[in-house]
Amino acid sequence: MKKQVHVVPHTHWDREWYFTTSRSRVYLMHNFQKVLNLLENKKGYDHFILDGQASLLDDYLKWRPQDKIRIKKLVQSGQLIIGPWYTQTDQLVISGESIVRNMLYGMRICNEFGRYMNVGYVPDSFGQSASMPQIYQSFGIEDTMFWRGVSDDQVQKTEYKWRGEDGSKVNVYQIPSGYYIGGAIPERKDSLANFLNDEPFKTTWKRSSTNQVYFPNGFDQAPPRENLPELIDEMNELYDGEYELHVSTIESYIEAVKAQHPELEEISGELLNGKLMRIHKSIFSSRSDLKQLNTETQNYLINTMEPLLSLGMAYGLEYPVETVREIWRLMFENAAHDSIGACVSDTTNEDVYMRYKQVRDIASNLVELTLRDIATRIGNPQSKEISLTVFNPLSTVQNGVVEVECYVPQKEFGILDEQGNEIAYTILELVDQTEYVLNQGNILDPSKDIFIPNKVYKAKIALQLNDVPSVGYVQYTIDLHRNTLTELIEQKREILENEALQITINDNGSLDILDKKTATTYRNQAILEENGDDGDSFNYSPPRNDLKIQSIEFKPVIKVVNSAILEVATITYEMMVPKDLEERAEGIQSTRLPVTIVVKLAKGRSTIDFEVVIDNRWVDSHRLCALFDAGIASKVSTADQQFGLIQRPVVRRSEMDLWQSDQEKWNEKPLSIETCQSFVTLNDAQKGIAIFPKGVREYEIVGEKYDTIRLTLFRTYGYMGKENLVYRPGRASGESVVKTPNAQCHKQLKFSFAAYYYQGNVNSGEVANSAKIANTRPLVYEYADFLNSRLIFTQSEVQKDLFVSDSLFKTNGHLTLSVIKKAEERPGMIVRLYNGHVDDELDDTIMFEKTITKAELVDLKEETIGDLEVYSNTIKVPTQKHAKFVTVYVEF
Numbered sequence: 004m005k006k007q008v009h010v011v012p013h014t015h016w017d018r019e020w021y022f023t024t025s026r027s028r029v030y031l032m033h034n035f036q037k038v039l040n041l042l043e044n045k046k047g048y049d050h051f052i053l054d055g056q057a058s059l060l061d062d063y064l065k066w067r068p069q070d071k072i073r074i075k076k077l078v079q080s081g082q083l084i085i086g087p088w089y090t091q092t093d094q095l096v097i098s099g100e101s102i103v104r105n106m107l108y109g110m111r112i113c114n115e116f117g118r119y120m121n122v123g124y125v126p127d128s129f130g131q132s133a134s135m136p137q138i139y140q141s142f143g144i145e146d147t148m149f150w151r152g153v154s155d156d157q158v159q160k161t162e163y164k165w166r167g168e169d170g171s172k173v174n175v176y177q178i179p180s181g182y183y184i185g186g187a188i189p190e191r192k193d194s195l196a197n198f199l200n201d202e203p204f205k206t207t208w209k210r211s212s213t214n215q216v217y218f219p220n221g222f223d224q225a226p227p228r229e230n231l232p233e234l235i236d237e238m239n240e241l242y243d244g245e246y247e248l249h250v251s252t253i254e255s256y257i258e259a260v261k262a263q264h265p266e267l268e269e270i271s272g273e274l275l276n277g278k279l280m281r282i283h284k285s286i287f288s289s290r291s292d293l294k295q296l297n298t299e300t301q302n303y304l305i306n307t308m309e310p311l312l313s314l315g316m317a318y319g320l321e322y323p324v325e326t327v328r329e330i331w332r333l334m335f336e337n338a339a340h341d342s343i344g345a346c347v348s349d350t351t352n353e354d355v356y357m358r359y360k361q362v363r364d365i366a367s368n369l370v371e372l373t374l375r376d377i378a379t380r381i382g383n384p385q386s387k388e389i390s391l392t393v394f395n396p397l398s399t400v401q402n403g404v405v406e407v408e409c410y411v412p413q414k415e416f417g418i419l420d421e422q423g424n425e426i427a428y429t430i431l432e433l434v435d436q437t438e439y440v441l442n443q444g445n446i447l448d449p450s451k452d453i454f455i456p457n458k459v460y461k462a463k464i465a466l467q468l469n470d471v472p473s474v475g476y477v478q479y480t481i482d483l484h485r486n487t488l489t490e491l492i493e494q495k496r497e498i499l500e501n502e503a504l505q506i507t508i509n510d511n512g513s514l515d516i517l518d519k520k521t522a523t524t525y526r527n528q529a530i531l532e533e534n535g536d537d538g539d540s541f542n543y544s545p546p547r548n549d550l551k552i553q554s555i556e557f558k559p560v561i562k563v564v565n566s567a568i569l570e571v572a573t574i575t576y577e578m579m580v581p582k583d584l585e586e587r588a589e590g591i592q593s594t595r596l597p598v599t600i601v602v603k604l605a606k607g608r609s610t611i612d613f614e615v616v617i618d619n620r621w622v623d624s625h626r627l628c629a630l631f632d633a634g635i636a637s638k639v640s641t642a643d644q645q646f647g648l649i650q651r652p653v654v655r656r657s658e659m660d661l662w663q664s665d666q667e668k669w670n671e672k673p674l675s676i677e678t679c680q681s682f683v684t685l686n687d688a689q690k691g692i693a694i695f696p697k698g699v700r701e702y703e704i705v706g707e708k709y710d711t712i713r714l715t716l717f718r719t720y721g722y723m724g725k726e727n728l729v730y731r732p733g734r735a736s737g738e739s740v741v742k743t744p745n746a747q748c749h750k751q752l753k754f755s756f757a758a759y760y761y762q763g764n765v766n767s768g769e770v771a772n773s774a775k776i777a778n779t780r781p782l783v784y785e786y787a788d789f790l791n792s793r794l795i796f797t798q799s800e801v802q803k804d805l806f807v808s809d810s811l812f813k814t815n816g817h818l819t820l821s822v823i824k825k826a827e828e829r830p831g832m833i834v835r836l837y838n839g840h841v842d843d844e845l846d847d848t849i850m851f852e853k854t855i856t857k858a859e860l861v862d863l864k865e866e867t868i869g870d871l872e873v874y875s876n877t878i879k880v881p882t883q884k885h886a887k888f889v890t891v892y893v894e895f
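Residues 4 to 895 (my numbering) are what the sequence shown spells out, left to right.
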């Protein structure tokens, strides 16, 4: 049967890679004009795919706005194919809300031009997340096309069904040998005569389930092939009876395959097989400093900024829609697979950093202004000179200890709640800033009689919180005539202890942790392990002659202090390590690597907070990890993906067997270095340990019994690409001539994470919700008249019309909160929750304090699926199966 060859003109346009976005935009402006001219004037040049990302339209039209009408006409005629993404996002490191917003914003922009391609097109992402089928389905997308992550050992054909972790299914049309395979059509007739019968087509087209085959014609940042119609005509003459070629689109190709009703195989889960193409399995830790910024920024936007802006909206404040969209656009640019992968040049990474800085600055100031607008409207009869308003962005009540920076007029004072009950606090740092603060005037009303202290200290305090309302706030007051301080006192014994845990610091600096509820002692916790990294910006790879060094080989200096609400240990090592890979191969440890581990245990908590500070100025090409021995021999680890939990084998045994039998056929060794969204855990039926990374989110399960979680803190390297790595043989990924000295991270590094010791299994231990809490600490806003100056920007007084304590809504806490935000196109609010248990079915209840006028189930486009019944301003959320999410729209 004659093969129908769908020739699809396209470009894969990395907005930045070894080059910067600025360079990319200059060439986009040049090349895209050629595309428009061809589509308008070239007979037979009927279609062009703009890489599935609407950001290219934004980039182009900023400099050539006069072409917008031309583009609209071509989109509406079906000649120019755009969307559905905003940028070609990563699927593993990036959060679920970022992925959802990326597609939502991409579709929104595309709709302004006409329509978007209704296919999940991701030609170059480094693996496919098991959450994607559910995300696609909720966007009304039934088909996806990708290249990386599935090999011929998993499926026989290149068309198959893919079942996600939650059970949702989509159709896959895999690009068998890369999105560029049709980009090198030869011009000479003698070469053209054998082109379609040579590799890769000879092998890959045999895997097609029908006689319809996909022939992408394009390459990275490449202009269109202007004589493509003539070449197609020539090939049709040469291959008459064997192939029939025509200019087509991805959607037309998919429709042609479906019309033949092939019987499709099915695969499931996340797709991370690196046999036929590289997936760069350990890219999760490349440029660890930028990965940390991504983790912190994502958490802040989703867990803090959007819920608090939504709370402000409920009190009549404007939700800054366009500002939030601008924030997310910057995040989408950094979410592109190369940008978040950090497999880019140093210059490009500087641009990535600047976008994170912009996001952080805009978002934190939006939050600060919102908290101020609410805090200053509170009518508090207990109000004194200074108030502290505590905000809780979570949908459940919060307790515990939070660290706050504030300005206080004396070293001892009282903090009281609305009933006058004492709130304990501990001063962690105190700096005299009297002259700086008091020399700034109240420029709006200098004659107003306000409290002006004699002294002002900038203080970092740990504050004990009691029942802070969900999606709400409570205001505390500072009473200068009371004293609720609990002082830090240095201890002679090297033990931290609270109601749940006892931590013993051993002579070598490792920790023995007693879980009092199960009477289980976890030994040898928080050991640091340093070793070499002979990899590059794409992959970690161990040196052929490595040297592993552990913190317990060195004598630490240990200091323990505690108060009634907080216990802190500082463990300092002067580790000696090899300077570089050459010294490592010779076993030489000539260079200092000073490391400090700060361990914090707050009152009543089963979670231990860690902060690791490393002076990395003198060491090249190495990796530092933290080891936590669970004492639980494991076949699988459990971690969270974008929505819900996933269990992964600690060794990918079947893939390893295939790799070992014929390594030359594999592009990468099938590693079990994995990533998570907010936690990884090992557990049995009685107990478990979960690690909550707040920087790099990369882990591996190690140990003879696979009983130890190894969390990557950072790794460093000196080249964008290198050849013949232990874990990735053959050619270099990226550019081997591009040096990346900044990726050696010669500076002080600081990484945070937490360890959670729980009883029962991952479900009864509520690990997902505990991780959410660990990443969503309450915010405290301080206000005093003497601060209303340049320090916080002067603002006018407002009417005090809010209660001392209030809540927008609460849930039962069965499902895990994903996001609270304003709806994109409607006046109401979006609340998204997901099932954070393994296998269990869960429901939940949302109880509002305001009168609900409309409640709907909606999809990810925020379009109505059906109405929800409301009883006494309470919504019963439908039962959700494993790894399912549910989205609710509410108006008041």
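In this text, a Cβ means the ideal position worked out from N, Cα and C, and glycines have one as well.
Sub-8 Å separation of residue i and residue j beta-carbons
| i | j | result |
| --- | --- | --- |
| Thr599 | Met579 | no |
| Lys825 | Met110 | no |
| His13 | Asp54 | yes |
| Gln478 | Val807 | yes |
| Leu433 | Tyr410 | no |
| Asn772 | Gly839 | yes |
| Lys672 | Tyr730 | yes |
| Leu195 | Pro189 | yes |
| Gln528 | Phe631 | yes |
| Lys753 | Val560 | no |
| Gly170 | Leu275 | no |
| Cys679 | Glu532 | no |
| Ser390 | Phe812 | no |
| Ser285 | Ile776 | no |
Beta-carbon proximity list for residue i, same chain, < 6 Å, skipping 5 on both sides
| i | result |
| --- | --- |
| Trp20 | Asp341 and Val347 |
| Arg718 | Ser288, Asp536, Tyr543 and Arg626 |
| Tyr709 | Ser637 and Val653 |
| Ser212 | Lys160, Glu162 and Pro265 |
| Gly869 | Leu860 |
| Asp349 | Thr743 and Asn745 |
Buried/exposed call for residue i, threshold 16 Cβ in 10 Å
| i | result |
| --- | --- |
| Phe454 | exposed |
| Met280 | buried |
| His484 | exposed |
| Thr252 | buried |
| Tyr874 | exposed |
| Met357 | exposed |
| Met4 | exposed |
Residues near residue i by beta carbon distance below 7 Å, same chain, minus five either side
| i | result |
| --- | --- |
| Asp168 | Note that residue 168 is Glu in the sequence shown, not Asp. Ala133, Ser134, Gly272, Gln644, Gly647, Ile649 and Ala886. |
| Asn306 | Pro396, Asn778 and Thr779 |
| Val38 | Phe51 and Pro227 |
| Met659 | Pro673 |
| Gln361 | Leu333 |
Cut-off 8 Å between Cβ atoms - residues of its own chain near residue i, not counting five sequence neighbours on either side
| i | result |
| --- | --- |
| Gln443 | Ser792, Arg793 and Leu794 |
| Pro323 | Leu312 and Leu369 |
Residue i at chain B interface by Cβ criterion, 8 Å
| i | result |
| --- | --- |
| Ile253 | Chain labels in this structure do not include chain B; a single protein chain is all it has. |
Cβ distance (whole Å) where residue i is taken to contact residue j below 8 Å
| i | j | result |
| --- | --- | --- |
| Tyr182 | Pro219 | 5 Å |
| Val78 | Phe116 | 4 Å |
| Ile635 | Leu685 | 5 Å |
I'd like to know if the segment 492 to 500 and the segment 411 to 423 are in contact, where contact means that at least 3 CB-CB pairs between them fall below 8 Å.
no
Is there contact between the segment 120 to 129 and the segment 83 to 94, where contact requires at least three CB pairs shorter than 8 Å?
yes
Three or more C-beta pairs under 8 Å: does that hold for the segment 876 to 884 against the segment 844 to 852?
yes
I'd like to know if the segment 95 to 109 and the segment 296 to 305 are in contact, where contact means that at least 3 CB-CB pairs between them fall below 8 Å.
yes
Are the segment 426 to 441 and the segment 755 to 774 in contact at 8 Å, needing three or more beta carbon pairs?
no
Tell me whether the segment 30 to 47 and the segment 227 to 240 touch, counting them as touching only if at least three CB pairs, one residue from each stretch, are closer than 8 Å.
yes
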